[in-house]
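Student: Start counting at 1 in the sequence shown, then tack on 15, and there's your number in this note's numbering.
C-beta atoms are modelled at their ideal positions from N, C-alpha and C, and glycine is treated no differently.
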Amino acid sequence: MTKRTKLILVAVAAVVLVAGGLVGVGCRPTTHPVKPADLGTARSSKEMIALLDEPGPVTLETLASADWEVPLSGLLNLDHPKAKLAGLVDRPEPIEIYFHAIEHPTRGLFIVDTGVERAFSDDRENAILSGVVADVMNVEALVVRQHLGGWLGAQRQPLAGVLMTHLHADHVTGMRDVPRGTPIYAGPGETSDRHWQNLFVQPVLDRAFAGHEPISEWRFSPDPDGVFAGVLDVFGDGSVFALSTPGHTSGSTSYLVRTTTGPVLLVGDACHTAWGWENGVEPGSFSHDRPGSAQTLAALKQLVSDHPTIQVRLGHQAPQGAAEGERLSASAP
Ligand SMILES: [Zn+2]
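1) Look at the Cβ atom of T15, then the Cβ atom of D192, and state whether they are nearer than 9 Å.
2) Assign A142 to one of three DSSP states: helix, strand, or coil.
3) Around ligand 1, what residues have a beta-carbon under 6 Å from a heavy atom of it, in chain order?
4) One question on the structure: do D68 and I110 come within less than 9 Å of each other, judged by their Cβ atoms?
5) Three Cβ pairs or more, each shorter than 8 Å: is that satisfied between the segment 322 to 338 and the segment 265 to 282?
6) Between T180 and G102, what straight-line distance do the alpha-carbon atoms span, to the nearest angstrom?
7) Enumerate, from N- to C-terminal direction, the unbroken beta strand (DSSP E) stretches of 3 or more residues contained entirely within the segment 55 to 141.
8) Between V104 and L93, what straight-line distance do the alpha-carbon atoms span, to the nearest angstrom?
9) Applying the 10 Å Cβ sphere with the 16-neighbour rule, what's the burial state of D138?
10) Below 7 Å CB to CB, which residues in the same chain sit around L271 once its five sequence neighbours on both sides are set aside?
11) Considering only residues of the same chain and omitting the five flanking positions on each side of V219, which have a CB-CB separation below 7 Å?
12) In chain order, which continuous runs of the alpha helix (DSSP H) of length 4 or greater are located wholly inside the segment 274 to 333?
13) Thinking E293 and R305 are a contact (beta carbons under 8 Å), I'd like their distance in whole angstroms, please.
14) So, L87 versus P107, is the Cβ gap smaller than 9 Å?
15) DSSP state of D221, grouped into three classes?
16) Please name the residue in R43, P48, S59 whose C-alpha comes closest to that of D248.
17) Mind reading off the beta-carbon distance from T129 to T188? Whole number of angstroms is fine, and I expect it under 8 Å.
18) State the DSSP-derived secondary structure class of G36, mapped to helix, strand or coil.
19) Does DSSP put G165 in a helix, in a strand, or in coil?
20) CB-CB under 8 Å to A313, same chain, minus the five flanking residues each way: which ones, in chain order?
21) When we look at the beta-carbon of S267 and count the other beta-carbons within 10 Å, is it buried (16 or more) or exposed?
22) Under 8 Å from any heavy atom of ligand 3, does the C-beta of W166 make it?
23) Less than 8 Å between C-beta atoms, sequence neighbours within five positions excluded: which residues of the same chain meet that for P194?
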């Protein structure tokens, strides 16, 4: 495709997006079927917190699958007084695309989110983000570090399940490397939020999930302590908790993982950036409900401030001051 044709296609895409916004057209992010999750026991946040000081049974490794660059205004609310005071302005911001591997002694190997697929390395023309969508999303700037397919091929056990933080395109970019038949879990409502931008997102997500099992939706019930919208004990043994953390998307889910070396909080895109976490500033235009995402971020930060042994893994950047080894691995020695 010539540069001129690309520019025309991007311009047409922009016009359609704006027109869609004006007339209020909205569609779902994916037409892939859903079913209720067969995992997860409702707990209170106090029950979860009571276990935090005891080491858990699982190991966790965070893998940076790709480097990328996206507008800071999407990642961070630049209208927030703290962002203004710091003089932050919109600019391309370097980020990482992660997946997290959880090894449970009896349940097996699970991943949280999916990183990027092998095709981004081997067959870019046919990668899940290609054509106009890739141009609009600046996929040219995406550099693969470790694709999910290669990593899965090197594991000694099969993948037992995928726990999604949410279903934005940059979190399902490895889904086509996941073996068919693997259970996939996500928060309630992730497939049904209607938005005009989904005119472009839906074909991507539908391709990502094609041939996969229906998405199992977490069955949250309100946290009796009112700290989170819901807390689920994923395996019923206190090793991994799913926290309902709506705002970025309505079904956004964070995971509290009790590893052999202490608790780790996988925040998901409730906070993308190191600066946002340090300063308590919620995500920007990428979020579906900004006030909701500010509330969720405050609850997560409070949890970590009350329990400083919790290691934090953010949506797309390493926390400030985290050493490479410290931030990318919490495995058994
Ligand atoms: Zn993301």
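Tutor: Concretely, from the data shown:
1) What the structure shows of the chain is the stretch from 16 to 348, and residue 15 is not part of that stretch, so it cannot be assessed.
2) coil
3) H183, D185, H186, D284, G330, H331
4) no
5) yes
6) 31 Å
7) Look at the segment 55 to 141 and you find these whole runs of beta strand (DSSP E), each 3 residues long or longer: 56 to 58, 74 to 86, 107 to 119, 123 to 127.
8) Their backbone Cα atoms lie some 7 Å apart in a straight line.
9) D138 should be labelled exposed.
10) M63, F256, L258, P278, L280
11) I143, L144, V148, A184
12) Runs of the alpha helix (DSSP H) lying entirely within the segment 274 to 333 and spanning at least 4 residues, in chain order: 289 to 294, 305 to 321.
13) Contact doesn't hold; Cβ gap of about 19 Å is too wide.
14) yes
15) helix
16) Nearest C-alpha to D248: S59.
17) 6 Å
18) Any answer about G36 is weak, because its pLDDT of 47 lies below 50 and its placement is not dependable; what the coordinates show is given next. Of the three classes helix, strand and coil, the one that applies to G36 here is helix, per DSSP.
19) helix
20) Hits under 8 Å: G295.
21) buried
22) Within the structure as shown, ligand 3 is missing, the only ligands being ligand 1.
23) L167, P173, L174
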